[in-house]
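Enquirer: Protein sequence lines correspond, in order, to chains A and B.
If you're matching positions, the first sequence starts at 1 in my numbering and goes up one per residue.
If you're matching positions, the second sequence starts at 1 in my numbering and goes up one per residue.
C-beta: ideal position from N, C-alpha, C; glycine also.
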Amino acid sequence: MSAKVETLSAEELLKTKKRSQSADVWKRLKRSKTAVLGIVLIAMFLGMALFAPVIADYEGEALKLNVKERLEGPSANHIFGTDEFGRDIFARVVYGTRISLFVGIISVSIALSIGGFLGAIAGYYGGKIDNAIMRVLDVILAVPTILLAITIVASLGASMMNLMIAVGISNIPGFARIVRASVLSVKDQEFIEAAKAIGAKDHIIIMKHVLPNSMAPIIVYATLKVATAIMATASLSFIGLGVQPPTPEWGSMLAGGRAYIRDQMYIVMYPGLAIVLTVLSLNLIGDGLRDALDPKLK
Amino acid sequence: MSERVLDINDLIVQYHTDEGIVEAVNGITINLDRGRTLGLVGETGAGKTTTARSIMRLIQSPPGKMTQGSIHLNGKDIMAASEKELEKIRGAQVSMIFQDPMTALNPVITVGDQIAEAILIHQKVSQDQANVKAKEMLEMVGIPGARLNEYPHQFSGGMKQRVIIAIALSCSPQLLIADEPTTALDVTIQAQVLELMKELKDKFNMAMIMITHDLGVVAEVCDDVAIMYAGRVVEQGNLDDIFRRTKHPYTEGLFNSIPNIDDRKAELIPIKGLMSDPYNLPEGCSFCDRCNYAMSICKTKRPEKVHFSETHFVECHLYSENPEFQLKG
């Protein structure tokens with residue numbers, strides 16, 4: 001080998017930057033206008049959630065009953081108007097963002113970690129283990145997600161914690177399936193065998209070689225599932241099984257304003273709009289990610 | 001010098017599928033000393049890769065089963081080793097180079113990390129030390145060390161194969177198994193990669209098994225050659241034995257299917273027919289349906305080994321009947 005070889009000191013070597021895949025994905029994601037719109041919207045909601053105390057006063061505006069100012073339309077004082085107890089709807093929507101995003105992300109994390117673990121094990125080992133895990137999950141999958149969540153909340157009692165557990169558990173089978181499917185598509189590739197041939201242990205192979213290569217569909221699915229989890233949260237709260245009043249939650253705000261929908265439409269319009277926009281933006285991001293993560297579209 | 005690295009004795013590997021039993025390897029005996037290169041030659045489905053995988057115990061089970069025989073690596077019984085022991089052996093004592101460099105590297109991990117991974121598994125070093133060693137390995141196979149942090153898709157096919165060689169050699173194994181390492185590469189790169197492997201083999205004084213169906217590759221790098229057909233070694237000898245004193249009709253058929261550089265107008269003579277169905281191997285010699293010299297005994301009795309010299313043997317009835325027999329050429 002006569003090729004002249006550049007030599008680097010160990011120190012220099014460690015400094016050379018890795019050109020990461022996520023940078024590539026981000027570049028491609030930016031090319032999609034709809035995905036960028038989704039990102040802008042979700043960034044706005046995240047900002048609202050993070051800086052809620054700066055934007056609105058929780059005790060004074062979102063919770064305090066003020067009968068004198070009840071059912072007022074949008075004005076300079078209350079830009080979204082007030083509800084039937086005279087609470088500022090804007091403040092309630094802002095604080096509702098916190099709950100919706102929090103519950104959505106946490107419940108998806110629960111589903112992703114448990115479902116992902118089960119799916120990875122089932123897909124990688126196959127055979128009897130696969131059968132045992134997937135059949136149990138199939139049974140859960142036979143019950144409609146929202147019905148399952150209602151059942152779980154009803155038996156555990158209505159609270160935010162139980163709401164997250166319920167939405168999380170009811171999403172486990174979906175995640176297990178998608179992780180299993182992508183593990184199956186990766187595990188027979190030659191580099192997995194190559195990893196075995198250098199003596200790598202099973203858990204290292206799964207964590208380092210199988211999962212990172214099956215990430216794309218999982219990320220897309222998780223993004224879309226945060227949207228449905230937010231919907232499920234709102235739905236459960238709407239029927240009184242989720243976050244309990246007076247905590248400002250979009251679903252329960254809808255439920256409270258329902259009676260006034262003829263004359264004071266804005267009471268349900270703003271929280272409704274918030275739900276629609278969050279779900280829409282997450283779906284846009286999910287779709288954009290699906291395209292950006294597909295290496296064939298490079 | 002003659003330190004025995006690999007000892008395979010009468011190995012039988014079968015795949016038990018729903019359609020029946022596939023007899024992939026039927027009683028193979030291979031010995032390999034340190035510093036020697038054995039070429040395992042045969043057409044698709046002859047059991048070359050199955051043999052190689054059984055050495056690393058990488059046969060998918062089920063359906064694969066090693067039903068008989070023994071494999072000793074540096075005197076250690078591989079068949080009896082536990083999964084934990086095997087993990088220590090794989091990569092450290094035996095390494096494998098895979099056929100297709102395009103798929104044998106993990107696309108989401110940098111090549112440096114992939115080389116370092118093997119080192120970290122088998123040696124007690126820190127991540128930094130492993131990275132430095134990985135860089136050395138990369139430079140040894142002729143790739144600038146600065147490319148350590150690049151991903152496989154940034155490399156060409158020949159470069160990827162070099163990376164794979166670097167991974168395979170990173171823990172200086174005593175035995176290197178190369179499963180058709182040049183098949184997926186174009187001709188200009190093939191020669192470079194073979195040259196590199198030969199050089200490194202000598203440097204590390206390893207034993208090497210070169211699996212190929214290309215007799216040109218064999219002539220280039222091997223010391224000994226084993227011709228496999230339907231899961232058996234039908235002829236084995238050193239380069240001279242096989243290339244100049246060809247004995248088995250199948251080996252002759254292989255040579256006749258290669259274009260002749262001196263006589264470019266000569267027609268190729270392919271071996272007629274197809275490899276016999278591994279679900280249902282014939283009772284006698286498995287090559288007899290395609291053999292131009294077939295006799296009645298070939299149908300009913302499996303041929304015994306006939307030795308011509310210490311290194312050269314053949315499994316064929318032609319010679320047990322008449323030791324002076326000559327192939328038509």
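Ordered along the chain, which non-local residues of its own chain (more than five positions away) have a Cβ less than 7 Å from that of Glu283/B?
Expert: Within the same chain, Glu283/B has close Cβ partners Thr300.
Enquirer: Please list the segments of the alpha helix (DSSP H) lying wholly inside the region 142-172 of chain B, counting only runs of 4 or more residues, in order along the chain.
Expert: Counting whole runs of 4 or more residues, the region 142-172 of chain B contains the alpha helix (DSSP H) stretches 157-169.
Enquirer: Roughly how far, in whole angstroms, is the beta-carbon of Phe175/A from the beta-carbon of Gly115/A, given that I think they are within contact range, below 8 Å?
Expert: Sure, about 3 Å apart at Cβ, within 8 Å.
Enquirer: Is the Cβ-Cβ distance between Gly237/B and His312/B less than 8 Å?
Expert: A contact, by the Cβ cut-off of 8 Å.
Enquirer: Against chain B, does Leu13/A count as a neighbour if the rule is that its beta carbon must be under 8 Å from one of theirs?
Expert: Note on Leu13/A: pLDDT 48, under 50, position unreliable in the model; no value is reported.
Enquirer: Taking the alpha carbon of Phe308/B as the point to measure from, which residue in Leu58/B, Asp240/B and Lys48/B has its own alpha carbon closest?
Expert: With distances taken between Cα atoms, Phe308/B lies closest to Asp240/B.
Enquirer: Rounded to the nearest angstrom, what separates Ala216/A and Leu293/A at their Cα positions?
Expert: Computed Cα separation, rounded: 6 Å.
Enquirer: Quick one: give me the first and last residue of the alpha helix (DSSP H) that Glu117/B is part of.
Expert: Residues Val111 to His122.
Enquirer: For Pro212/A, which residues in chain B fall below 7 Å Cβ to Cβ?
Expert: Chain B residues near Pro212/A: Val108.
Enquirer: Anything in chain A within Cβ reach of Asp100/B, meaning under 9 Å, just list it in chain order.
Expert: Within 9 Å Cβ-Cβ: Glu190.
Enquirer: Does any residue of chain E bring its CB to less than 8 Å from the CB of His248/B?
Expert: Included in the structure are the protein chains A and B, with no chain E among them.
Enquirer: So which residues of chain B does Ala43/A contact, with C-beta pairs closer than 9 Å?
Expert: Going along chain B, no residue has its Cβ under 9 Å from Ala43/A, so there is no contact; the nearest lies around 27 Å.
Enquirer: What does Ala104/B touch in chain A if you count any residue whose Cβ is under 7 Å from its own?
Expert: Per Cβ cutoff of 7 Å: Glu190, Phe191 and Ala194.
Enquirer: Kindly indicate if chain B contains any beta-carbon less than 8 Å away from that of His203/A.
Expert: No, no contact with chain B.
Enquirer: So, helix, strand or coil for Ile258/B, using DSSP?
Expert: Coil.
Enquirer: Do you know offhand how far Glu324/B's Cα is from Pro303/B's?
Expert: Cα-Cα distance, rounded: 17 Å.
Enquirer: Measuring only the C-alpha atoms, how far is Thr16/A from Gln189/A?
Expert: Any reading at Thr16/A must be qualified, since the residue scores a pLDDT of 48, below 50, and its modelled position is unreliable; no value is offered.
Enquirer: Here's the rule: buried if 16 or more other CB atoms are within 10 angstroms of the residue's CB, otherwise exposed. What is Ser67/B?
Expert: Per the sequence shown, the amino acid found at residue 67/B is Thr instead of Ser. Result: exposed.
Enquirer: Just to make sure I have the definition right: I need the residues of chain B whose C-beta is within less than 8 Å of the C-beta of Ile206/A. Which are they?
Expert: Neighbours of Ile206/A on chain B: none; closest Cβ ~13 Å, over 8 Å.
Enquirer: Any beta-carbon of chain B closer than 8 Å to the one on Gly199/A?
Expert: Yes, Gly199/A lies at the interface with chain B (some Cβ there is under 8 Å from its Cβ).
Enquirer: Please identify the residue among Ala226/B, Leu40/B, Asn31/B and Lys48/B whose C-alpha is closest to the C-alpha of Ala24/B.
Expert: The candidate whose alpha carbon is nearest that of Ala24/B is Lys48/B.
Enquirer: Can you tell me which of His209/A, Thr97/A and Leu147/A puts its alpha carbon nearest to the alpha carbon of Leu50/A?
Expert: Of the candidates His209/A, Thr97/A and Leu147/A, the one whose C-alpha sits nearest the C-alpha of Leu50/A is Thr97/A.
Enquirer: Going by C-alpha to C-alpha distance, which of Thr251/B, Asp202/B, Ala168/B and Gln161/B sits closest to Gln190/B?
Expert: Taking only the C-alpha atoms, the option nearest Gln190/B is Gln161/B.
Enquirer: Do Ile133/A and Leu118/A count as a contact pair if the criterion is CB distance below 8 Å?
Expert: Yes.
Enquirer: Any contact between the region 216-223 of chain B and the region 15-30 of chain B? By contact I mean 3 or more CB pairs, one from each, below 8 Å.
Expert: No, they do not touch.
Enquirer: Can you tell me whether Pro3/B is buried or exposed? The criterion is at least 16 other CB atoms within 10 Å of its CB, across all chains shown.
Expert: The sequence shown places Glu at residue 3/B, rather than the Pro named in the question. The residue in question, Glu3/B, is exposed, as its Cβ has fewer than 16 Cβ neighbours within 10 Å.
Enquirer: Would you tell me roughly how many angstroms separate the C-alpha atoms of His317/B and Cys285/B, rounded to the nearest one?
Expert: Those two C-alpha atoms are separated by around 9 Å.
Enquirer: What span of residues does the alpha helix (DSSP H) with Ala132/A cover, start to end?
Expert: That run of the alpha helix (DSSP H) goes Gly127 to Ala142.
Enquirer: Residue ranges of each alpha helix (DSSP H) run of no fewer than 4 residues wholly in the region 162-223 of chain A, ordered along the chain?
Expert: Segments of the alpha helix (DSSP H) lying fully in the region 162-223 of chain A: 190-197.
Enquirer: On the DSSP letters alone, give me the boundaries of the alpha helix (DSSP H) that Arg290/B sits inside.
Expert: Careful: Arg290/B lies outside any alpha helix (DSSP H) and carries neither H nor E.
Enquirer: Can you find a C-beta in chain A that's less than 8 Å from the C-beta of Lys76/B?
Expert: No, Lys76/B lies away from the interface with chain A (no Cβ there is under 8 Å from its Cβ).
Enquirer: With three or more C-beta pairs closer than 8 Å as the rule, is the region 37-54 of chain B touching the region 270-284 of chain B?
Expert: Contact holds: three or more Cβ-Cβ distances are below 8 Å.
Enquirer: Tyr279/B: which of Ala230/B, Ile211/B and Asp77/B sits nearest, CA to CA?
Expert: Cα-wise, what sits closest to Tyr279/B is Ala230/B.
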